[in-house]
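Reviewing the structure listed below.
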């Protein structure tokens, strides 16, 4: 029997982790898992909510590191790398010293996770603003810059996953070596310790404020779903008002959705208007004035202008020597729709590839926001 | 006062019917100048419901494919699925009120359905049929 185990027998449960620390820990876990599972753009609103919540949590934890009391304050777990190395050596010798609060290796995991969290939130906001033109930083970066930040955001998330994995291994190893359940301690707050050990206060008032703020934030963010109906589904992200034109909408919208000019390059529109007498096997019989007016609007707002994410990506995807007349032949369109089965296309509610509005709630507007994508029931 | 309001309202309500009548009569005059004889609603209806075969695709084509058999109801564009407002002027007073629009749609839809432009006689007959609805 070792000395520490001998001591254990005389120990009583002492609160080490106050409620805000535990609430922070497990809510952050939930945010990370949620954000990971909602990385597909069609769940962007949930992903972004997880991001905002994570931002709030991290800001809270940084503040709590100064005013959170024993075990929660940074000065209670500020170890230099010598101490971390010594601790790891102890683990390798299967005799790590026991720390009631965060141990040196765990502390460094916390600082690393907080740093990564901050970087992930910043790159996420920059990417959201650049690629989706949404959020507080909307339009700060252009599409290629937004895309690069998005890639960095993903890389950082993978790094964070690696640190989380290391942290979990650490928790498991230490739990085994000290024969104590560290996961349960993070749930209940209690660890066995000598009776005269400094205990953490419960801090339930702060925790209550946190819970209220999280719930209030969720209600504010997701309230649109409460008022949505099947006819008027909720659109979490509404795109900017794109340039519109009455004659274009009337003439092009007479036979099909008035496909927004931003969905094809200028060369495509010019060819299409020049061939208006054989427009997909129909003679449109438009008067020259009408053709000129519509063509001017189409060219002025074509895909090259990058009015939306879809516009920019469609234009990027089409080889410069190709003049496509169908949006559905653009490589970007094909890539985004490759998972849709023939059965879905043929469903009467979808009614073919021409009917964008069957799934894109903002098709008439032309913005094609990811979050406005909605498969009919 | 009230009589004035009623009178103005009545005049406003009558505008579609007046413009419809004037658009059709303008076109009838034009078609007659192009050699058309007296117009027949029965002949117009026969042409409207007749099925043609598209030379290129071999598909069956007719007016009701898009406009449906009941012209008081909404139709559906054969290839795009876009909803087409009812054709019958009694349900949709905007119909047959603009000469330019009537001409445009006759060109488009005759070419798609019959594979050629309609003759002045055919167009006049179809108008004679549609205006009775």
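Protein chains in written order, with our numbering: chain A, 1 to 377; chain B, 1 to 133. Beta carbons are placed, not taken as given, at the ideal position from N, Cα and C, and that holds for glycine.
Proximity test, Cβ basis, 7 Å: residue i and chain A
i: residue 116 (chain B); result: no
i: residue 113 (chain B); result: no
i: residue 82 (chain B); result: yes
i: residue 104 (chain B); result: yes
i: residue 77 (chain B); result: yes
i: residue 67 (chain B); result: no
Whole-number beta carbon distance between residue j and residue i, since they are thought to touch under 8 Å
i: residue 109 (chain A); j: residue 163 (chain A); result: 6 Å
i: residue 129 (chain A); j: residue 146 (chain A); result: 7 Å
i: residue 339 (chain A); j: residue 294 (chain A); result: With 8 Å as the limit, residue 339 (chain A) and residue 294 (chain A) do not qualify as a contact, their Cβ atoms being about 34 Å apart.
i: residue 9 (chain B); j: residue 52 (chain B); result: Wrong, their Cβ atoms sit about 44 Å apart, outside the cutoff.
i: residue 371 (chain A); j: residue 44 (chain A); result: 5 Å
Residue i burial status per 10 Å Cβ neighbour count (16 or more: buried)
i: residue 19 (chain A); result: buried
i: residue 325 (chain A); result: exposed
i: residue 225 (chain A); result: exposed
i: residue 399 (chain A); result: Chain A is shown only over 1 to 377; residue 399 (chain A) falls outside these bounds and no answer can be derived.
i: residue 22 (chain B); result: exposed
i: residue 206 (chain A); result: buried
i: residue 274 (chain A); result: exposed
i: residue 309 (chain A); result: buried
i: residue 248 (chain A); result: buried
i: residue 322 (chain A); result: exposed
Other residues of its chain near residue i: CB distance less than 8 Å, five sequence neighbours each side excluded
i: residue 114 (chain A); result: 58, 61 and 62
i: residue 202 (chain A); result: 15, 18, 19 and 189
i: residue 160 (chain A); result: 32, 113, 116, 117 and 120
i: residue 30 (chain B); result: 120
i: residue 300 (chain A); result: 243 and 261
i: residue 381 (chain A); result: This structure gives no information on residue 381 (chain A), because the portion of chain A shown stretches from 1 to 377.
Listed by chain order, chain D residues near residue i by CB distance under 8 Å
i: residue 108 (chain B); result: Checking the listed chains, one finds no chain D in this structure; the protein chains it contains are A and B.
Cutoff 6 Å; reference residue i; Cβ partners in own chain excluding five residues on either side
i: residue 110 (chain B); result: 117 and 118
i: residue 121 (chain B); result: 36
i: residue 2 (chain A); result: Bear in mind that a pLDDT of 42 at residue 2 (chain A), under 50, signals an unreliable position, so the number given afterwards is only what the model happens to contain. Closer than 6 Å at the Cβ level, and outside the excluded window around residue 2 (chain A), lies no residue.
i: residue 84 (chain A); result: 104, 105 and 108
i: residue 328 (chain A); result: 353
Where residue i sits in the DSSP three-state scheme
i: residue 178 (chain A); result: helix
i: residue 12 (chain A); result: strand
i: residue 350 (chain A); result: coil
i: residue 367 (chain A); result: coil
i: residue 192 (chain A); result: strand
i: residue 61 (chain A); result: helix
i: residue 267 (chain A); result: helix
i: residue 117 (chain A); result: helix
i: residue 273 (chain A); result: helix
i: residue 279 (chain A); result: strand
i: residue 222 (chain A); result: helix
i: residue 61 (chain B); result: strand
i: residue 373 (chain A); result: strand
i: residue 238 (chain A); result: coil
Short CB-CB distance (under 7 Å) between residue i and chain B
i: residue 256 (chain A); result: yes
i: residue 142 (chain A); result: no
i: residue 354 (chain A); result: yes
i: residue 351 (chain A); result: yes
7 Å CB neighbourhood of residue i in its chain, flanking five on each side removed
i: residue 363 (chain A); result: 257, 356 and 357
i: residue 92 (chain B); result: 85 and 86
i: residue 74 (chain B); result: 83, 84, 85 and 86
i: residue 41 (chain B); result: 128, 129 and 132
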